[in-house]
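Data block below; observations after.
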Amino acid sequence: MTPAPAFFTRPALEVAPDLLGAVLTSTLPAGRVAVRVSEVEAYDGANDPGSHAFRGRSTRNAVMFGPPGHVYVYFSYGMHWCMNVVCGAEGTAAAVLLRAGEVIDGVDLAQQRRGQCVAERDLARGPARLAQALGVTGVLNGADLATGRLRLRLPATSADHVSTGPRVGLSRGAELPWRFWVSGSGFVSAYRAAAR
DNA sequence: TGAACGATTTCCT
DNA sequence: GGAAATCGTTCAA
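Residues 66 to 261 in this note's numbering are what the first sequence spells out, letter by letter.
Okay, structure coming up:
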């Protein structure tokens, strides 16, 4: 089922676990790739020291403050793209980072983007890997999930078992258990404690 | 105007 | 287990 607009108009902490099992499909000139989401992280704008929006609105994070149901794509470490689903009421800057998933359609294209030697299990296991497998870059920043080249489909029933834990790679706010993943899934990123 | 660092990945030892 | 790659954003001066 395609989620109703109201699905996204909730706090990130409520939307995040509901996204587990959802299928994200990118339809671009190169072809179509679909990924079943197995790991996410919640970011709660103004109150969250780990969020890009913690210090207020800026050119980069403007999309987070916009209407929910859109995609926030950012450039990281000078070489990687990562994608979020904007949620919460407009102006709240809440978002959910898609950290990992399983490629269930368009495996050939995903492998072409990621590299022929990459194992199928590793095609979208990690936030930057997931974005690369789907062909997501900055040009899709702000794209609307309802009408754009990216579409989201919710599972008939929510994930059976959900695990929670600390978020990955943050120097601040890392103690909050705002990471969610499908228990026992092999398509989950490897945890690494924040550097520093 | 400059310096530090990051919601990461990959390759090396 | 450790470090490099690489650049836009942010913060300090």
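Just so it is clear, CB atoms sit at the ideal spot from N, CA and C, and this is done for glycine as well.
- Mark PHE73 as exposed unless 16 or more other C-beta atoms lie within 10 angstroms of its C-beta, in which case mark it buried. buried
- Message: I'd like to check one pair, LEU162 with GLU106: are the Cβ atoms closer than 8 Å?
- Response: yes
- Item | Whole-number beta carbon distance between VAL98 and GLY166, since they are thought to touch under 8 Å | Rounded, the Cβ-Cβ distance is 10 Å, inconsistent with contact.
- To the nearest angstrom, report how far apart PRO82 and VAL247 are at their CA atoms. Approximately 9 Å, taken between the alpha carbons.
- Nearest-angstrom beta carbon gap, GLY115 and ARG232 [assumed within contact, 8 Å]: 6 Å
- In three-state DSSP terms, what is VAL247? strand
- Message: By the three-class DSSP mapping on this structure, what secondary structure does ASP109 have?
- Response: strand
- Message: Residues in the same chain with beta-carbon distance under 6 Å from ALA118, minus the five sequence neighbours each way, listed in chain order, please.
- Response: GLY110, ASN126, MET129 and ALA158
- Item | Given ALA224 as reference, the closest of ILE169, PRO70 and VAL88 once Cα atoms are compared | VAL88
- Item | Length of the line joining the Cα atoms of GLY203 and SER228 | 30 Å
- Message: With H, G and I counted as helix, E and B as strand and the rest as coil, what does DSSP make of ASP173?
- Response: helix
- Along the beta strand (DSSP E) that carries PHE252, what are the first and last residues, could you check? Where PHE252 is concerned, there is no enclosing beta strand (DSSP E), given that its DSSP letter is neither H nor E.
- Is MET148 buried or exposed, if buried means 16 or more other CB atoms sit within 10 Å of its CB? buried
- Message: Buried or exposed, going by whether 16 or more other CB atoms sit within 10 Å of the CB of GLY249?
- Response: exposed
- Message: Going by DSSP in three states, ASP187 sits in which element: helix, strand or coil?
- Response: helix
- Taking TYR108 as the reference, which of ALA175, ALA69 and LEU78 has the closest Cα? Among ALA175, ALA69 and LEU78, the Cα nearest to that of TYR108 is on LEU78.
- Integer Cβ distance of ASP187 from HIS135, believed to fall under 8 Å: The pair is not a contact, with the Cβ atoms about 28 Å apart (cut-off 8 Å).
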